[in-house]
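The listed protein sequences derive, respectively, from chains A and F. Under numbering that gives the first Met the number 0, the first residue of the first sequence is numbered 0, with each subsequent residue one higher. Under numbering that gives the first Met the number 0, the first residue of the second sequence is numbered 0, with each subsequent residue one higher.
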Amino acid sequence: MSNASIASNSKITFLNINSPTLKANLTKVANQVVIPIVGIMVFLLMWSVAAQNIDTSLGKFPGPSAVSEQFKSLYTEHNAEREKEDAFYERQKKRNEARMAEDPDYSPRIRAYTGKETFLDQIFTSLKTVMSGFLLAAIIAVPLGIAIGLSKTLNTAVNPIIQIFKPVSPLAWLPLVTMVVSALYVTPDPVVPKSFINSLITVTLCCLWPMVINTAVGVASIDSDLVNVSRVLRLPALRHVQKVVIPASIPMIFTGMRLSLGIAWMVLIAAEMLAQNPGLGKFVWDEFQNGSSDSLARIMAAVIVIGFIGFLLDRMMLQIQRFASWDKASASR
Amino acid sequence: MNKVVLDISHVDMEFDTPGGKFKALDDVDLQISKGEFVSLIGHSGCGKSTVLNIVAGLYQATRGGIILNGKEVNEPGPERAVVFQNHSLLPWLTSYENVELAVKQVFKKTKSKAEIKEWVEHNLRLVHMDHAMNKRPSEISGGMKQRVGIARALSMQPDILLMDEPFGALDALTRSHMQDSLMEIQNELNNTVIMITHDVDEAVLLSDRIVMMTNGPEATIGEILDINLERPRDRIALSEDKEYTHLRHEVLTFLYEKQRKIETINTKKPQASEEKKVKDSHAA
């Protein structure tokens, strides 16, 4: 009898030990999944209520349902456009084959399809631009930042220039960039369109400063003991940079990269709107000029996509940082 | 008498401060023989670390210089390996890679790949860290980090090993354990060592000579105490040894009677103002 009661007691305590962990797990799930979902639901509700009460010259402000409809139609439009394109190439191929059969000397010319760029095309263009501009900036900024961080003299020389150009919106550069590119980039058969070069340089200009500054600060603030280790070992300059400077400043370099990628994405959209360069910004501007009853919903769809891509870009950098950096703590933020 | 490996020859050190020149060291002169273990002891701020940094080549003496094996040295180099107070391991490298970096730099021309690997592992074994070769500094304890730091310094096969309060940041038990390890290694390798410490027991236990420094500014060598205790030394046996107690007493007397820190703080201020007066009169 007493034995049985002890056994049941221990069973109860066993369950009691288990239940708090279960509870903790449940709370964790609630925190990570349920609460954000609730937040999004509340936002959608507020949005749809507010949207109904805003009348614009293009009809009511689009609510969530109108926007989701436009997502669908943007996708079907994209598919339709692709079908048209395929049909165009198919027709061209047949025509060429027919002429070849008639006249063996005829060398067929392939003409590119010049249809309208769809929403998905514009997303892809923008992504390509932002990544190329970002990479170009990184190639310039990281070595420059390391050099500035290592040399006090260079830092003193370059610092005023950086401080003055840093606060300049890259959009102010845009007219200058456009003129310079159209003057210098003159080839009869361009590999990439001029508009791409314009957007790319604008992105590069705005990515440059945060990366240079963060890299330089990271390099300059290396623990002096680590520098002394390198001095005692008489590491040659290049090996010192490779073995000590770069690993030590990797966390700061990545901070700069994430900052500038975020800015770059925002600036790119604005630049595309302003300069009518292909991309999401142009899509937004075209829809605005178009002024149909669907326009606002389509712009809102673009806004959501822009935000989502910006978020994904940041996550991507974070993942790369986690992979590349020894300091896992700095990569968790 | 053994041949002199290192000659710290009449070294003065002045630092430029916003308030003018600050003379940290005045005529520090010391000869160290091969295989000798010398401790530098003194109150904090007396310029012990400055002496070590000058020997390491990290600082340049204002006057005088460092002669190593008959040649003057002006820049840092692996023949004067340093064990830093806070280990200074590269945090992104494992224990093995930290030592390997040093070995590769020093022996890349004379050792083959396999020999380098063997030498790195040998040095880590020497400090009993071969079980954590693939761990990063953040994954091992403070004492273990310092062991790896010592392994890195030993792996360079230095003419002289410079240790800047190597166990200062460790707790008392770990510290005595590390001291025993160091004696064991020293027994085997018989390196020439300069160690900075502020621990009287550590100095007496480990050293062949204790160099006691006066308080700064213008610190210099106050007294030198020869420690002729037999090796290998055992801390428990020594704790009741008369000679040991006497030597300990000597160091304590120097530190707490002859060079009492509080008194020098009181006398320092008038001295400093006198100096200024002298400088002013020179300027005038």
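All residues carry an ideal CB built from backbone N, CA and C; glycine is no exception.
Pairwise C-alpha distance: residue j and residue i
{"i": "F:P231", "j": "F:K110", "result": "33 Å"}
{"i": "F:K70", "j": "F:Q156", "result": "18 Å"}
{"i": "A:F123", "j": "A:V266", "result": "16 Å"}
{"i": "A:E68", "j": "A:M299", "result": "11 Å"}
{"i": "F:E262", "j": "F:T252", "result": "Because the pLDDT of F:E262 is 49, which lies under 50, any placement of that residue in the model is unreliable, and the question is left without a value."}
{"i": "A:M178", "j": "A:L204", "result": "16 Å"}
{"i": "A:V340", "j": "A:L295", "result": "A question about residue 340 of chain A goes unanswered here, because the residues of chain A that appear run from 0 up to 332."}
{"i": "A:S223", "j": "A:I249", "result": "17 Å"}
{"i": "A:Q318", "j": "A:S324", "result": "10 Å"}
{"i": "F:K241", "j": "F:R259", "result": "25 Å"}
{"i": "F:N68", "j": "F:I7", "result": "11 Å"}
{"i": "F:S238", "j": "F:T244", "result": "7 Å"}
{"i": "A:L311", "j": "A:S131", "result": "17 Å"}
{"i": "A:A49", "j": "A:S291", "result": "21 Å"}
{"i": "A:A171", "j": "A:A274", "result": "12 Å"}
{"i": "F:D200", "j": "F:R247", "result": "7 Å"}
{"i": "A:I160", "j": "A:T26", "result": "52 Å"}
{"i": "A:L73", "j": "F:V98", "result": "60 Å"}
{"i": "F:K20", "j": "F:P216", "result": "11 Å"}
{"i": "F:S94", "j": "F:E117", "result": "14 Å"}
{"i": "F:N265", "j": "F:N214", "result": "Because the pLDDT at F:N265 is just 49, under 50, the model does not fix this residue reliably, and the value given afterwards should be weighed accordingly. Their Cα atoms are separated by approximately 12 Å."}
{"i": "A:F287", "j": "A:G261", "result": "25 Å"}
{"i": "F:R146", "j": "F:I235", "result": "23 Å"}
{"i": "A:L52", "j": "A:F60", "result": "Per the sequence shown, residue 52 of chain A should be read as Asn rather than Leu. Using only the alpha carbons, I get a separation of about 8 Å."}
{"i": "A:M256", "j": "F:N133", "result": "30 Å"}
Contacts around residue i, its chain only, beta-carbon distance under 8 Å, and the 5 residues preceding and following it disregarded
{"i": "A:L234", "result": "K242 and V243"}
{"i": "F:S137", "result": "P90"}
{"i": "A:I268", "result": "S125, G278, L279, G280, V283 and I305"}
{"i": "A:V180", "result": "K193, I196, N197 and I200"}
Proximal residues to residue i (C-beta, below 7 Å), its chain only, five neighbours per side dropped
{"i": "F:L125", "result": "A150, L153 and I184"}
{"i": "F:K144", "result": "H86, L88 and P136"}
{"i": "A:Q121", "result": "P277, G278, L279, K281 and F282"}
{"i": "A:G114", "result": "E80, K83 and E84"}
{"i": "A:Y105", "result": "R98 and M99"}
{"i": "F:E222", "result": "M211 and F253"}
Strand pairing of residue i, partner residues [DSSP]
{"i": "F:Q30", "result": "F:D6"}
{"i": "F:L66", "result": "The question names Leu, but residue 66 of chain F in the sequence shown is Ile. For F:I66, which the question treats as bridged, DSSP gives the partners F:D6 and F:E71."}
{"i": "F:D19", "result": "Checking the displayed sequence, the identity of residue 19 of chain F turns out to be Gly instead of Asp. According to DSSP, F:G19 bridges with F:T16."}
{"i": "F:I195", "result": "F:L39 and F:D163"}
{"i": "F:I209", "result": "F:S38 and F:L224"}
{"i": "F:R79", "result": "F:I159"}
{"i": "F:L24", "result": "F:M12 and F:A218"}
Whole-number beta carbon distance between residue j and residue i, since they are thought to touch under 8 Å
{"i": "F:V82", "j": "F:G148", "result": "5 Å"}
{"i": "F:A163", "j": "F:L51", "result": "The sequence as given places Asp at residue 163 of chain F; Ala does not occur at that position. Confirmed, about 5 Å."}
{"i": "F:A168", "j": "F:Q84", "result": "6 Å"}
{"i": "F:S180", "j": "F:H127", "result": "7 Å"}
{"i": "F:L39", "j": "F:M212", "result": "6 Å"}
{"i": "F:R79", "j": "F:H9", "result": "Contact doesn't hold; Cβ gap of about 19 Å is too wide."}
{"i": "A:L173", "j": "A:A263", "result": "Their Cβ separation, rounded to whole angstroms, is 14 Å, which puts A:L173 and A:A263 out of contact at 8 Å."}
{"i": "F:K47", "j": "F:G41", "result": "5 Å"}
{"i": "A:A140", "j": "A:L207", "result": "5 Å"}
Nonlocal neighbours in the same chain, by C-beta distance under 6 Å from residue i, ignoring five residues either side
{"i": "F:I193", "result": "V37 and L161"}
{"i": "F:P77", "result": "V105 and M155"}
{"i": "A:I11", "result": "With a pLDDT of 49 at A:I11, under the threshold of 50, the modelled position of this residue cannot be trusted; read the value that follows with caution. Closer than 6 Å at Cβ, skipping near neighbours: no residue."}
{"i": "A:I147", "result": "L153, N154, V157 and A215"}
{"i": "A:Y112", "result": "E84 and F87"}
{"i": "F:A202", "result": "S38, I40, T196 and I209"}
{"i": "A:L258", "result": "P209"}
Checklist entry - In chain order, which continuous runs of the beta strand (DSSP E) of length 3 or greater are located wholly inside the region 122-184 of chain F? => result Positions of the beta strand (DSSP E) runs, each at least 3 residues long and wholly inside the region 122-184 of chain F, are given as 159-163 in order along the chain.
Item to check | alpha helix (DSSP H) segments (min. 4 residues) lying fully within the region 225-273 of chain A | outcome: Taken in chain order, the whole alpha helix (DSSP H) runs of length 4 or more contained in the region 225-273 of chain A are 236-239.
Item to check | alpha helix (DSSP H) runs contained entirely in the region 214-262 of chain F, provided each spans 4 or more residues | outcome: Along the region 214-262 of chain F, the alpha helix (DSSP H) occurs as fully enclosed runs of 4 or more residues at 234-237 and 241-252, listed in sequence order.
Item to check | Any alpha helix (DSSP H) of 4 or more consecutive residues that is wholly inside the region 115-196 of chain A | outcome: For the region 115-196 of chain A, whole alpha helix (DSSP H) runs of length 4 or above, ordered along the chain, are 118-149, 151-164 and 169-183.
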